[in-house]
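Participant:
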Amino acid sequence: PGDTLGLAIGQSSLKVTPLQMARLMAVIANGGSLVTPHLATTSGPTSIETDGSTPVRPVFAHPEPQPIPGLHPATLAAIREGLYNVVNDSHGTAYKTVRLKEVAIAGKTGTAEVGGNRPDHAWFAGYAPADHPRVAFAVVIEHGGSGGKVAGPIARDYVKALLDTGLITPSAPLAER
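Counting in this note's numbering, the sequence shown runs without a single skipped number right up to 1284 at its last residue.
Structure below.
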(Lines of atoms letter the chains of each structure in order from A and count residues from 1; the text may use other names and numbers.)
(Lines give C-alpha, C1' and ligand atoms only; values in the text may rest on other atoms or scores of the structure.)
Protein backbone atom coordinates (compact mmCIF):
# COMPACT_ATOMS: atom_id res chain seq x y z
CA PRO A 1 0.00 0.00 0.00
CA GLY A 2 2.82 2.44 0.78
CA ASP A 3 4.45 1.96 -2.61
CA THR A 4 1.10 2.37 -4.38
CA LEU A 5 0.40 5.65 -2.61
CA GLY A 6 3.93 6.90 -3.31
CA LEU A 7 3.69 6.01 -6.98
CA ALA A 8 0.29 7.72 -7.25
CA ILE A 9 1.88 11.04 -6.37
CA GLY A 10 5.18 10.44 -8.16
CA GLN A 11 7.25 9.96 -5.01
CA SER A 12 8.36 6.33 -5.14
CA SER A 13 10.97 4.24 -6.90
CA LEU A 14 10.09 3.29 -10.46
CA LYS A 15 12.43 2.07 -13.15
CA VAL A 16 11.26 2.67 -16.72
CA THR A 17 12.92 3.40 -20.02
CA PRO A 18 12.02 6.38 -22.21
CA LEU A 19 10.55 3.90 -24.72
CA GLN A 20 8.28 2.42 -22.04
CA MET A 21 7.07 5.91 -21.15
CA ALA A 22 6.43 6.74 -24.81
CA ARG A 23 4.41 3.51 -25.12
CA LEU A 24 2.41 4.47 -22.03
CA MET A 25 1.64 7.87 -23.57
CA ALA A 26 0.59 6.13 -26.79
CA VAL A 27 -1.82 3.89 -24.83
CA ILE A 28 -3.44 6.95 -23.30
CA ALA A 29 -3.48 8.85 -26.60
CA ASN A 30 -4.97 6.05 -28.71
CA GLY A 31 -7.74 4.97 -26.39
CA GLY A 32 -6.14 2.08 -24.55
CA SER A 33 -4.17 -0.08 -26.98
CA LEU A 34 -0.51 -1.00 -26.50
CA VAL A 35 1.54 -0.18 -29.59
CA THR A 36 4.57 -2.24 -30.57
CA PRO A 37 7.50 0.06 -31.43
CA HIS A 38 8.96 -0.19 -34.92
CA LEU A 39 11.92 1.41 -36.64
CA ALA A 40 12.54 3.33 -39.83
CA THR A 41 15.58 2.70 -42.02
CA THR A 42 17.79 5.19 -43.83
CA SER A 43 17.82 3.64 -47.29
CA GLY A 44 15.54 2.19 -49.89
CA PRO A 45 13.31 3.13 -52.81
CA THR A 46 10.55 4.72 -50.70
CA SER A 47 12.82 7.09 -48.79
CA ILE A 48 11.56 10.51 -47.76
CA GLU A 49 13.72 13.52 -46.94
CA THR A 50 12.60 15.29 -43.77
CA ASP A 51 14.95 18.27 -43.81
CA GLY A 52 17.38 17.68 -46.66
CA SER A 53 19.62 15.47 -44.55
CA THR A 54 19.52 11.70 -44.19
CA PRO A 55 16.56 10.12 -46.01
CA VAL A 56 14.26 7.94 -43.90
CA ARG A 57 12.24 5.04 -45.23
CA PRO A 58 9.21 4.38 -43.06
CA VAL A 59 8.51 0.80 -42.09
CA PHE A 60 4.81 0.18 -42.57
CA ALA A 61 4.53 -3.45 -41.44
CA HIS A 62 4.12 -3.74 -37.68
CA PRO A 63 1.88 -5.66 -35.29
CA GLU A 64 -1.57 -4.30 -34.58
CA PRO A 65 -2.00 -2.48 -31.26
CA GLN A 66 -3.38 -4.73 -28.53
CA PRO A 67 -6.16 -3.45 -26.22
CA ILE A 68 -5.23 -3.43 -22.54
CA PRO A 69 -7.75 -5.63 -20.71
CA GLY A 70 -9.62 -3.98 -17.85
CA LEU A 71 -8.74 -0.39 -18.74
CA HIS A 72 -11.97 1.48 -18.03
CA PRO A 73 -12.92 4.36 -20.39
CA ALA A 74 -13.64 6.68 -17.43
CA THR A 75 -10.16 6.03 -16.04
CA LEU A 76 -8.61 6.77 -19.41
CA ALA A 77 -10.66 9.98 -19.74
CA ALA A 78 -9.52 11.16 -16.29
CA ILE A 79 -5.87 10.51 -17.15
CA ARG A 80 -6.24 12.35 -20.46
CA GLU A 81 -7.77 15.33 -18.71
CA GLY A 82 -4.94 15.41 -16.19
CA LEU A 83 -2.26 15.20 -18.90
CA TYR A 84 -3.99 17.95 -20.85
CA ASN A 85 -4.15 20.18 -17.77
CA VAL A 86 -0.45 19.71 -16.96
CA VAL A 87 0.33 21.67 -20.13
CA ASN A 88 -2.75 23.78 -20.81
CA ASP A 89 -4.04 24.86 -17.40
CA SER A 90 -2.33 27.90 -15.91
CA HIS A 91 -1.64 25.90 -12.73
CA GLY A 92 0.01 23.02 -14.63
CA THR A 93 3.70 22.24 -14.16
CA ALA A 94 4.34 22.56 -17.90
CA TYR A 95 2.10 25.52 -18.70
CA LYS A 96 4.88 28.09 -18.99
CA THR A 97 7.48 25.86 -20.66
CA VAL A 98 5.62 23.43 -22.96
CA ARG A 99 2.32 25.01 -24.03
CA LEU A 100 1.96 26.06 -27.67
CA LYS A 101 -0.81 28.26 -29.05
CA GLU A 102 -0.91 26.37 -32.36
CA VAL A 103 -1.28 22.82 -31.07
CA ALA A 104 -2.48 21.34 -27.79
CA ILE A 105 0.06 19.10 -26.09
CA ALA A 106 -0.76 16.64 -23.30
CA GLY A 107 1.91 15.28 -21.01
CA LYS A 108 3.63 14.94 -17.67
CA THR A 109 6.73 16.54 -16.26
CA GLY A 110 9.05 14.48 -14.11
CA THR A 111 12.17 14.95 -12.07
CA ALA A 112 13.90 11.67 -11.24
CA GLU A 113 16.06 11.91 -8.14
CA VAL A 114 19.47 10.36 -8.64
CA GLY A 115 21.16 10.75 -5.28
CA GLY A 116 24.88 10.86 -4.59
CA ASN A 117 24.95 14.67 -4.82
CA ARG A 118 24.34 14.47 -8.57
CA PRO A 119 21.74 16.54 -10.43
CA ASP A 120 18.35 14.91 -11.02
CA HIS A 121 17.20 13.56 -14.39
CA ALA A 122 14.67 15.77 -16.22
CA TRP A 123 11.67 14.08 -17.90
CA PHE A 124 8.74 15.07 -20.05
CA ALA A 125 6.49 12.46 -21.66
CA GLY A 126 3.43 13.26 -23.71
CA TYR A 127 1.50 13.22 -26.95
CA ALA A 128 0.27 15.68 -29.54
CA PRO A 129 -2.07 17.01 -30.70
CA ALA A 130 -3.96 16.41 -27.47
CA ASP A 131 -7.34 16.58 -29.23
CA HIS A 132 -6.41 14.22 -32.12
CA PRO A 133 -3.19 12.42 -31.10
CA ARG A 134 -0.70 11.44 -33.78
CA VAL A 135 2.62 11.25 -31.90
CA ALA A 136 3.67 10.02 -28.45
CA PHE A 137 7.12 10.82 -27.10
CA ALA A 138 9.41 10.95 -24.08
CA VAL A 139 12.27 13.38 -23.47
CA VAL A 140 14.90 12.55 -20.85
CA ILE A 141 17.88 14.72 -20.02
CA GLU A 142 20.27 12.85 -17.75
CA HIS A 143 21.33 15.01 -14.81
CA GLY A 144 19.39 17.88 -16.40
CA GLY A 145 17.46 18.95 -13.32
CA SER A 146 13.78 19.87 -13.42
CA GLY A 147 11.55 18.11 -15.93
CA GLY A 148 9.34 21.13 -16.52
CA LYS A 149 12.22 23.54 -16.95
CA VAL A 150 14.67 21.39 -18.95
CA ALA A 151 12.94 18.46 -20.70
CA GLY A 152 9.66 20.33 -21.23
CA PRO A 153 11.04 23.02 -23.55
CA ILE A 154 12.75 20.33 -25.64
CA ALA A 155 9.41 18.51 -25.97
CA ARG A 156 7.76 21.80 -27.00
CA ASP A 157 10.45 22.35 -29.66
CA TYR A 158 9.94 18.77 -30.90
CA VAL A 159 6.18 19.28 -31.28
CA LYS A 160 6.81 22.65 -32.96
CA ALA A 161 9.13 20.92 -35.46
CA LEU A 162 6.42 18.30 -36.16
CA LEU A 163 4.00 21.14 -36.78
CA ASP A 164 6.44 23.07 -38.98
CA THR A 165 7.12 20.01 -41.15
CA GLY A 166 3.43 19.17 -41.51
CA LEU A 167 3.65 15.86 -39.64
CA ILE A 168 0.93 17.11 -37.31
CA THR A 169 -1.67 19.83 -37.87
CA PRO A 170 -2.74 22.75 -35.67
CA SER A 171 -5.36 22.15 -33.00
CA ALA A 172 -8.63 24.00 -32.67
CA PRO A 173 -8.17 27.41 -31.04
CA LEU A 174 -8.22 27.19 -27.24
CA ALA A 175 -11.44 29.23 -27.09
CA GLU A 176 -13.25 26.54 -29.14
CA ARG A 177 -12.39 23.67 -26.76
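Glycine included, each C-beta is placed from N, C-alpha and C at the ideal position.
#1: How is residue 1178 classed by DSSP in three states: helix, strand or coil?
#2: Can you tell me whether residue 1061 is buried or exposed, with buried defined as 16 or more other CB within 10 angstroms of its CB?
#3: Which residue or residues does DSSP assign as beta-bridge partners of residue 1219?
#4: Take residue 1270 and list the residues in its own chain whose beta-carbon comes closer than 8 Å to its own, dropping the five residues that flank it on each side.
#5: From the DSSP output, read off the bridge partner residues of residue 1234.
#6: Specify, as a first and last residue, the run of the alpha helix (DSSP H) that residue 1268 falls within.
#7: Can you tell me which residues form a DSSP beta bridge with residue 1173?
#8: Apart from the five residues on each side of it in sequence, which residues of its chain come closer than 7 Å, Cβ to Cβ, to residue 1267?
#9: Using DSSP's beta-bridge definition, name the partner residues of residue 1248.
#10: According to DSSP, is residue 1274 helix, strand or coil?
Facilitator: With the structure as the only source:
#1: coil
#2: Shown here, the chain extends from 1108 to 1284; a query on residue 1061 therefore has no answer.
#3: 1228
#4: 1207, 1209, 1210, 1276, 1277
#5: 1213, 1243
#6: Residues 1259 to 1271.
#7: 1141
#8: 1207
#9: 1229
#10: Under the three-state reduction of DSSP, residue 1274 is assigned to coil, being neither helix nor strand.
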